[in-house]
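Numbering (the numbering used here), first residue to last: 18 to 658. Working notes for the structure below.
This is the structure:
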């Protein structure tokens, strides 16, 4: 049977409900849809929802305009929420509208009154308690009406319409497909990451640090305002084909090897490298981090060294050549003799998947609730959909960050199938037009419903050209951009020291600590720790910087200046960044009056959160930024004049 009522254009949704949208506990879920029917009958609608398999609840939808209806669902639990929309013909409401029209036109209404009596009587038969009494009173008044006006007066109370809807059958009801919302804890949307190699946190040249030594640095990271400390693989490192300094093919007897060559005699993915300590030392590190207000994120890299126990125990989990030998990893022209990729097409797939899931569960049992996943785009999408859902069914507070620098469609699908956060192209976006275009895609193209960016300024694999050539001003202005454009961002060790020595002609670090132990003076002259601390404090104090979908770009007559604003509630910020690390840039920017809450032509006061300077601004303002002194303004709209 063809329904009278249609429900279309439901928001929010991702790919017509094929994947869940993402929200944070405490966010409102604004549900809207086009709902209409043939004929002139009135309709009603509701959102029906439940969290984590709990009891279904309902919220009435309100008519907005034309055929658009909307309601807001509160998201109070870290869980998967399911919701759908019910719509039905409002028989009593339709009757009431027709009655009033005829009364206003002076027409007789005996048939209409009889129909109304029948409708109310049916609701009384279905009702109970106080509702039944109120309906009975209304019925008596309707029966006692001697004139059309008295009949209309008898059903004048707006609450009667709600009572009638509650106790009347929902005629012609249709229900939309069920949609899903992944409701994460707040850190899934707002987080500040620091990546460090524990073995490089010592003070003695040539000597690797342990996890106990590395814990000494945690107060320093927290003092700078970080809330996540991310550790590259901490597992035993293989010796077969171990890499030497700068990824050389020959390692010396004292070279520590690359942590991503996972596995050795001491164990595999659930073991600690003996040089770092024991599992008890790791537990102590996690506890020390928690005392500082830091969470530990672990690297989840699905690959093995030739010495990994799985190679002998589960040879079917790896790719084999025709001669029976196992294939090592390749990304021509690069080859990785020290790493075996896992074969997800193995006939022993179920055991492989469960073993990988169990690795995650093992570390969750040891206090880890955040995983940075290495190159997930080289593994099957169905695996990620399964393992993330399986883990989060029991531990909904676990966060997964996808390290996937790859094609846009692949990155988007990884986010859709479950990854909480994602690395991005920000690392290579340097000019005003491309930054603006990229942020507008992230914030307003529909990606914001499922893709949460984490803006990394550098990684052990990536020292972008602008940091190689732009000196300290480049480190500063890139920091401001990442920290104010995205609610989540991260730096890799050495960024605070402005380290920028690269292998010639590449984005690889010279003397990379992927292959050797580094010892640094974390307070050496020229560091930018004070600026990092200041900016992270500003982020913590301003809710506008803790959201993604609120950036607005403004016109400026100099394209070496990027000007934008962020607003959340009463918190309004204006940000101007000099994108040229080599020269002073200046120009005029236009700030719309309505963005800062002034009348056209009005004035307002702004306070620079970086310098403390106070300015009297209007709709058109002059900015001059010298990268040797100040690379940016972060301006709090203080008062309207």
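No residue lacks a Cβ here, since even glycine has one placed at the ideal position from N, Cα and C.
Inter-residue Cα distance where the pair is residue 484 and residue 478: Here residue 484 refers to the residue found at position 467 when the chain shown is read from its first residue. Here residue 478 refers to the residue found at position 461 when the chain shown is read from its first residue. In this structure, the alpha-carbon of residue 484 lies about 13 angstroms from that of residue 478.
For the alpha helix (DSSP H) holding residue 230, just list the boundary residues, first then last. Position 213 of the chain shown holds residue 230. Segment 228-231, the alpha helix (DSSP H) holding residue 230.
Three or more C-beta pairs closer than 8 angstroms, one from the stretch 600-612 and one from the stretch 569-581: is that the case here? A contact exists between the stretch 600-612 and the stretch 569-581.
To the nearest angstrom, report how far apart residue 366 and residue 90 are at their CA atoms. Looking up residue 366 in the chain shown gives position 349. Looking up residue 90 in the chain shown gives position 73. C-alpha of residue 366 to C-alpha of residue 90: approximately 40 angstroms in a straight line.
Compute the distance between the beta-carbons of residue 424 and residue 504, then report whether it is under 7 angstroms. The residue you call residue 424 lines up with position 407 of the chain shown. The residue you call residue 504 lines up with position 487 of the chain shown. No, Cβ-Cβ distance for residue 424 and residue 504 is not below 7 angstroms.
Restricting to runs no shorter than 4 residues, where is the alpha helix (DSSP H) found entirely within the stretch 199-283? Within the stretch 199-283, the complete alpha helix (DSSP H) runs of at least 4 residues are 228-231 and 235-240.
Is it true that the CB of residue 369 sits closer than 7 angstroms to the CB of residue 403? Position 386 of the chain shown, counted from the first residue, corresponds to residue 403. Position 352 of the chain shown, counted from the first residue, corresponds to residue 369. At least 7 angstroms separates the beta-carbon of residue 403 from that of residue 369.
Helix, strand or coil: which one does DSSP assign to residue 348? Against the chain shown, residue 348 aligns to sequence position 331. DSSP places residue 348 in strand when its eight states are reduced to three.
Rounded C-alpha distance that separates residue 631 from residue 416: Counting from one through the chain shown, the residue named residue 631 turns up at place 614. Counting from one through the chain shown, the residue named residue 416 turns up at place 399. Taking the straight line joining both Cα atoms gives about 40 angstroms.
In this structure, how does DSSP classify residue 181 when only helix, strand and coil are distinguished? Along the chain shown, one-based indexing puts residue 181 at 164. Here residue 181 carries a helix assignment [DSSP, helix/strand/coil].
Please confirm if the stretch 142-150 is in contact with the stretch 207-215, defined as three or more CB-CB distances below 8 angstroms between the two stretches. With contact defined as three or more Cβ pairs closer than 8 angstroms, the stretch 142-150 and the stretch 207-215 are not in contact.
In terms of alpha-carbon separation, which member of 95, 28 and 121 lies closest to residue 102? Residue mapping note: residue 102 aligns to position 85 of the chain shown, counting from 1. Of all alpha-carbon atoms in 95, 28 and 121, the one lying nearest the alpha-carbon of residue 102 is that of 28.
According to DSSP, simplified to helix, strand and coil, what is residue 117? Sequence index remark: in the chain shown, residue 117 carries index 100 (1-based). Taken through DSSP and simplified to helix, strand or coil, residue 117 comes out as helix.
How is residue 633 classed by DSSP in three states: helix, strand or coil? Position 616 of the chain shown holds residue 633. In the structure shown, residue 633 sits in a strand (DSSP, three-state: E or B).
Alpha-carbon to alpha-carbon, residue 395 and residue 266: In the chain shown, residue 266 corresponds to position 249, counting from 1. In the chain shown, residue 395 corresponds to position 378, counting from 1. Taking the straight line from one Cα to the other gives about 24 angstroms.
If you draw a straight line from the alpha carbon of residue 237 to that of residue 550, how long is it in whole angstroms? By 1-based counting over the chain shown, the position of residue 237 is 220. By 1-based counting over the chain shown, the position of residue 550 is 533. The straight-line gap from Cα to Cα measures roughly 10 angstroms.
Proximal residues to residue 664 (C-beta, below 7 angstroms), its chain only, five neighbours per side dropped: Nothing about residue 664 can be read from this structure; the chain reaches only from 18 to 658.
Classify residue 144 as helix, strand or coil using the three-state DSSP reduction. On the chain shown, residue 144 is found 127 positions in, with the first residue counted as 1. In the structure shown, residue 144 sits in coil (DSSP, three-state: anything other than H, G, I, E or B).
For residue 638, which beta-bridge partners are listed by DSSP? As a working note, residue 638 is residue 621 in the chain shown. DSSP links residue 638 through a beta bridge to 606.
Nearest-angstrom Cα separation, counted from residue 218 out to residue 232: Taking the first residue of the chain shown as position 1, residue 232 is located at position 215. Taking the first residue of the chain shown as position 1, residue 218 is located at position 201. Residue 232 and residue 218: Cα-Cα distance of roughly 9 angstroms.
Taking buried to mean at least 16 other C-beta atoms within 10 Å of its own C-beta, is residue 656 buried or exposed? Along the chain shown, one-based indexing puts residue 656 at 639. The Cβ neighbour count for residue 656, taken over all protein chains shown within 10 Å, is under 16; the residue is labelled exposed.
Please check the pair residue 444 and residue 481, which I expect to be a contact at CB under 8 angstroms, by giving their CB distance rounded to whole angstroms. Locating residue 444 in the chain shown gives position 427, where the first residue counts as 1. Locating residue 481 in the chain shown gives position 464, where the first residue counts as 1. Contact holds; Cβ gap of about 5 angstroms.
Which runs of the alpha helix (DSSP H), 4 residues or longer, sit entirely within the stretch 24-74? List check, alpha helix (DSSP H) in window: nothing returned.
Tell me the rounded alpha-carbon separation between residue 438 and residue 419. Taking the first residue of the chain shown as position 1, residue 438 is located at position 421. Taking the first residue of the chain shown as position 1, residue 419 is located at position 402. Those two C-alpha atoms are separated by around 6 angstroms.
Could you say which of 246, 476 and 548 lies nearest to residue 422 if we only look at CA atoms? Your numbering for residue 422 matches position 405 in the chain shown. A check of alpha carbon separations from residue 422 across 246, 476 and 548 identifies 476 as the nearest.
Look at the alpha carbon of residue 525 and the alpha carbon of residue 447, and state the distance between them as a whole number of angstroms. Looking up residue 525 in the chain shown gives position 508. Looking up residue 447 in the chain shown gives position 430. So the two alpha carbons sit approximately 19 angstroms from each other.
Less than 7 angstroms between the C-beta atoms of residue 427 and residue 377, yes or no? Taking the first residue of the chain shown as 1, we reach residue 427 at position 410. Taking the first residue of the chain shown as 1, we reach residue 377 at position 360. No; because the gap between Cβ atoms is not below 7 angstroms, this pair is not in contact.
Nearest-angstrom Cα distance between residue 272 and residue 529? In the chain shown, counting from the first residue as 1, residue 272 sits at position 255. In the chain shown, counting from the first residue as 1, residue 529 sits at position 512. Straight through space, the alpha carbons of residue 529 and residue 272 are spaced by roughly 13 angstroms.
Using the Cα positions of residue 97 and residue 198, report the straight-line distance between them to the nearest angstrom. By 1-based counting over the chain shown, the position of residue 97 is 80. By 1-based counting over the chain shown, the position of residue 198 is 181. Taking the CA atoms as reference points, residue 97 sits about 6 angstroms from residue 198.
Burial state of residue 244, where buried means 16 or more other Cβ atoms lie within 10 Å: Looking up residue 244 in the chain shown gives position 227. It counts as buried.
When the Cα atoms are used, what is the spatial distance from residue 87 to residue 26? As a working mapping, residue 87 is identified with position 70 in the chain shown. As a working mapping, residue 26 is identified with position 9 in the chain shown. Note on geometry: alpha-carbon atoms of residue 87 and residue 26 lie some 12 angstroms from one another.
Take the Cβ of residue 112 as the centre, count every other Cβ of all protein chains shown within 10 Å, and call the residue buried at 16 or more, exposed below. Sequence index remark: in the chain shown, residue 112 carries index 95 (1-based). Classification of residue 112: buried, given that the 10 Å Cβ count is 16 or more.
Straight-line gap, residue 557 to residue 207 (C-alpha atoms, nearest Å): Against the chain shown, residue 557 aligns to sequence position 540. Against the chain shown, residue 207 aligns to sequence position 190. Inter-residue distance for residue 557 and residue 207 is about 10 angstroms (C-alpha atoms, whole angstroms).
Euclidean distance between Cα positions of residue 349 and residue 523: Taking the chain shown and counting its residues from 1, the one referred to as residue 349 is at position 332. Taking the chain shown and counting its residues from 1, the one referred to as residue 523 is at position 506. Their Cα atoms are separated by approximately 15 angstroms.
Should residue 703 and residue 326 be called a contact, given that it needs their Cβ atoms to be closer than 7 angstroms? Given that the chain is displayed from residue 18 to residue 658, the structure contains no residue 703 and the question cannot be resolved.
Alpha-carbon spacing of residue 116 relative to residue 71, whole angstroms: Within the chain shown, the letter at position 99 stands for residue 116. Within the chain shown, the letter at position 54 stands for residue 71. Residue 116 and residue 71: Cα-Cα distance of roughly 42 angstroms.
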